[in-house]
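A.B. asks: Residue numbers for the sequence shown follow numbering that gives the first Met the number 0, so the first one is 0 and each next one is one higher. Before I ask anything, let me first share the structure, which is written out below as structure tokens.
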Amino acid sequence: MSRPVRILVVGGGAREHCIVEALRRSHADILAAMGNENPGIRRASKDVLIGDVTAIDRIVAWARGHGADFAVIGPEAPLAQGIVDALLAVGIPAVGPDRAAAQLETNKEFTRDLMREYDIPGLPQFWAFDSFGAFEEWVNDTDMEFVIKPLGLTGGKGVKVWGDHFKTKGEALAYGKEVLEKRIGGAARFLVEERLVGEEFSLQALCDGTRLVFCPLAQDHKRAYEGDKGPNTGGMGSYSDADHRLPFVTPQDYDQAMATMRRTVEAMAARGTPFRGVLYGGFMATRDGAKLLEYNVRFADPECMNVLPILGDDFADLCVRLTEGRLPASASFARLATVCKYVVPTGYGSHPRAGELLKVDEESIRRTGAKLYYAGVDRKGDHLTTTTSRSLAVVGLADDLASAESISEEALAFVSGTFYARRDIGKPEVVERKVERMRHIREGH
Ligand code: AMP
């Protein structure tokens, strides 16, 4: 009998725990390379390598030595550093783009230029500046509200939005100057975009270079506090509905978002840098249709946890087909709503408190029917403690959103200690307010 397939999974967050769980359903053996010791991933893995996930040579040598058949890369940092190029060089295929294709995430100007050159729908108005004088002149002339975006990876903290992060032209100029002087995002250059008004949604797809297999829509909550207030974070939780759509996204918005992603993938192939991996489109539904805010070149965290747990097909098989350029036309997902809530250290988003005790009653959580995915936790003896990152996520799954949300709450009741979680995510009345808000925006109020 042939041995089970061996898969290298890079990353130690809840997203990667969820990826590992999906691959274990395919009876794969997991080789996990992660920066922190994720207890859920450790338990599910044949072998683990703890250390910096951007130490590419070390990870590739380890994976090769352990006979990895292919790799799935969770986070953006190793993709940006070219881990897929290094894996391919030793004959290990990967679910993840090479460095050239990863530019869709690592260089915002590359993506905007590509959209303009190939006339891809969903492009907001944008400008690029590398001189303060030119920016100052533009700001003084404009009466538009705008957004300032550094070009490279800033962990979600570099983008500043008119009305949210700055309120005057003077503040905008000061931030533009800071980006140029400190090379925020890796370059003395930045983008300015028209400020879009609407509701954000996430569309993820597996992509084999030509074909896209779309996942259900989801919505993330990036702000730290309830009611979408407070500082931006890596994501406090997310939800998806049983029909795989969102009630404030029109069928036209949805079709257009898919067209934006398809046309992008065609353009990448046409310019000789085909995209293989998971493509995430962060969109804004606006009065004028769906606009692309950004691409990520990997599953989003948390939205990965809204789609993989309900995937009906064999995930390892889809991964193999992705790397071989023969994805099927579509994949099946259970018609279930999902609500993902993150447990985070108190103060997360500004001054997170590491070292607080967390008690997780896994067995009781399992009995609620919720999924549990570990993220950044430390172990002290028999106990888990918080780090400065998100600690763990629970995901309720049910026929409708209200029940999925209740299940996520039941599960949270079996986590004790000092922590914070947003309770409003996925609550039907919260979603209803978003539908109302979008109705007003569309009617032009
Ligand atoms: P990005 O890294 O480009 O996704 O930007 C981070 C966040 O900034 C997004 O999730 C949006 O909330 C916001 N944002 C980005 N671009 C725009 C825009 N053109 N108009 C309004 N908000 C934006």
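All C-beta atoms, glycine included, are put in the ideal place defined by N, C-alpha and C. For clarity, every value in this text was computed on a predicted model and none was experimentally measured.
Going by the C-beta, is residue 160 closer than 6 Å to any heavy atom of ligand 1?
C.D. replies: yes
A.B. asks: From the DSSP output, in three-state form, read off residue 218 for me.
C.D. replies: strand
A.B. asks: Identify which residue in 185, 189 and 139 has its Cα closest to the Cα of residue 159.
C.D. replies: 189
A.B. asks: Just curious, the beta strand (DSSP E) that residue 260 is in, first and last residue?
C.D. replies: No beta strand (DSSP E) holds residue 260; the alpha helix (DSSP H) holding it covers 250-269.
A.B. asks: Along the chain, where does the alpha helix (DSSP H) containing residue 361 start, and where does it finish?
C.D. replies: 361-367
A.B. asks: How do the segment 247-265 and the segment 109-120 stand: do at least 3 beta-carbon pairs fall below 8 Å, yes or no?
C.D. replies: yes
A.B. asks: Report whether the distance from the Cβ of residue 2 to the nearest heavy atom of ligand 1 is below 6 Å.
C.D. replies: no
A.B. asks: Based on Cα-Cα distance, which residue from 224, 74 and 424 lies nearest to residue 232?
C.D. replies: 224
A.B. asks: Quick check: the segment 356-368 against the segment 425-443, are there 3 or more CB pairs under 8 Å?
C.D. replies: no
A.B. asks: Since I believe residue 96 is in contact with residue 296 (beta carbons under 8 Å), could you give me their beta-carbon distance rounded to a whole number of angstroms?
C.D. replies: About 5 Å; that satisfies the 8 Å criterion.
A.B. asks: With respect to 6 Å, is the separation between the Cβ of residue 357 and the closest non-hydrogen atom of ligand 1 below this value?
C.D. replies: no
A.B. asks: Could you tell me which whole alpha helix (DSSP H) segments of length 4 or greater appear in the segment 11-72?
C.D. replies: 13-24, 38-43 and 55-64
A.B. asks: Where do the N-terminal and C-terminal ends of the alpha helix (DSSP H) with residue 322 fall, by residue?
C.D. replies: 314-322
A.B. asks: Could you check if residue 264 belongs to the surroundings of ligand 1, using beta carbon to heavy atom distance under 6 Å?
C.D. replies: No, the beta carbon of residue 264 sits no closer than 6 Å to any heavy atom of ligand 1.
A.B. asks: Using CA coordinates, which residue listed in 215, 244 and 99 is at the minimum distance from residue 271?
C.D. replies: 99
A.B. asks: At the level of alpha carbons, what is the spacing between residue 430 and residue 436?
C.D. replies: 10 Å
A.B. asks: With DSSP run on the structure shown, which of helix, strand or coil describes residue 127?
C.D. replies: strand
A.B. asks: With a cut-off of 8 Å, do at least 3 Cβ pairs link the segment 337-351 to the segment 405-420?
C.D. replies: With three or more CB-CB distances shorter than 8 Å, the segment 337-351 counts as touching the segment 405-420.
A.B. asks: By Cβ distance, which residues of its chain are closer than 8 Å to residue 152, with the 5 residues on each side in sequence left out?
C.D. replies: Cβ neighbours of residue 152 beyond the five flanking positions: 75, 76, 79, 104, 105, 184 and 185.
A.B. asks: Name the one or two DSSP bridge partners that residue 391 has.
C.D. replies: 342 and 373
A.B. asks: Could you work out which residue in 12, 252, 62 and 55 is closest to residue 4 when comparing CA atoms only?
C.D. replies: For residue 4, the nearest C-alpha among the options comes from 62.
A.B. asks: Helix, strand or coil for residue 4? Go by DSSP, reduced to three states.
C.D. replies: coil
A.B. asks: In three-state terms, what does DSSP make of residue 532?
C.D. replies: No statement about residue 532 is possible, as the shown extent of the chain runs from 0 to 444 and does not include it.
A.B. asks: Taking residue 293 as part of the beta strand (DSSP E), name the residues at either end of that continuous run.
C.D. replies: 288-295
A.B. asks: Just list the alpha helix (DSSP H) runs in the segment 165-193, keeping only unbroken ones of 4 residues or longer that don't cross its boundaries, in chain order.
C.D. replies: Runs of the alpha helix (DSSP H) inside the segment 165-193: 168-181.
A.B. asks: Using a threshold of 6 Å, is the CB atom of residue 192 nearer than that to any non-hydrogen atom of ligand 1?
C.D. replies: yes
A.B. asks: For residue 372, tell me which candidate among 17, 279 and 2 has the shortest Cα-Cα distance.
C.D. replies: 17
A.B. asks: Quick one: what does DSSP say residue 203 is sitting in, helix, strand or coil?
C.D. replies: strand
A.B. asks: What is the rounded straight-line gap between the Cα of residue 175 and the Cα of residue 140?
C.D. replies: 16 Å
A.B. asks: Measuring only from the beta carbon, is residue 38 closer than 6 Å to any heavy atom that is part of ligand 1?
C.D. replies: no
A.B. asks: Just how far apart, CA to CA, sit residue 173 and residue 133?
C.D. replies: 14 Å
A.B. asks: Are there three or more Cβ pairs, one per stretch, closer than 8 Å when the segment 385-400 is compared with the segment 352-359?
C.D. replies: yes
A.B. asks: Apart from the five residues just before and just after residue 213, which ones in its own chain have a Cβ nearer than 7 Å to its Cβ?
C.D. replies: 202, 204 and 257
A.B. asks: To the nearest angstrom, how far is it from the Cα of residue 51 to the Cα of residue 217?
C.D. replies: 30 Å
A.B. asks: What would DSSP say about residue 150, mapped onto helix, strand or coil?
C.D. replies: coil
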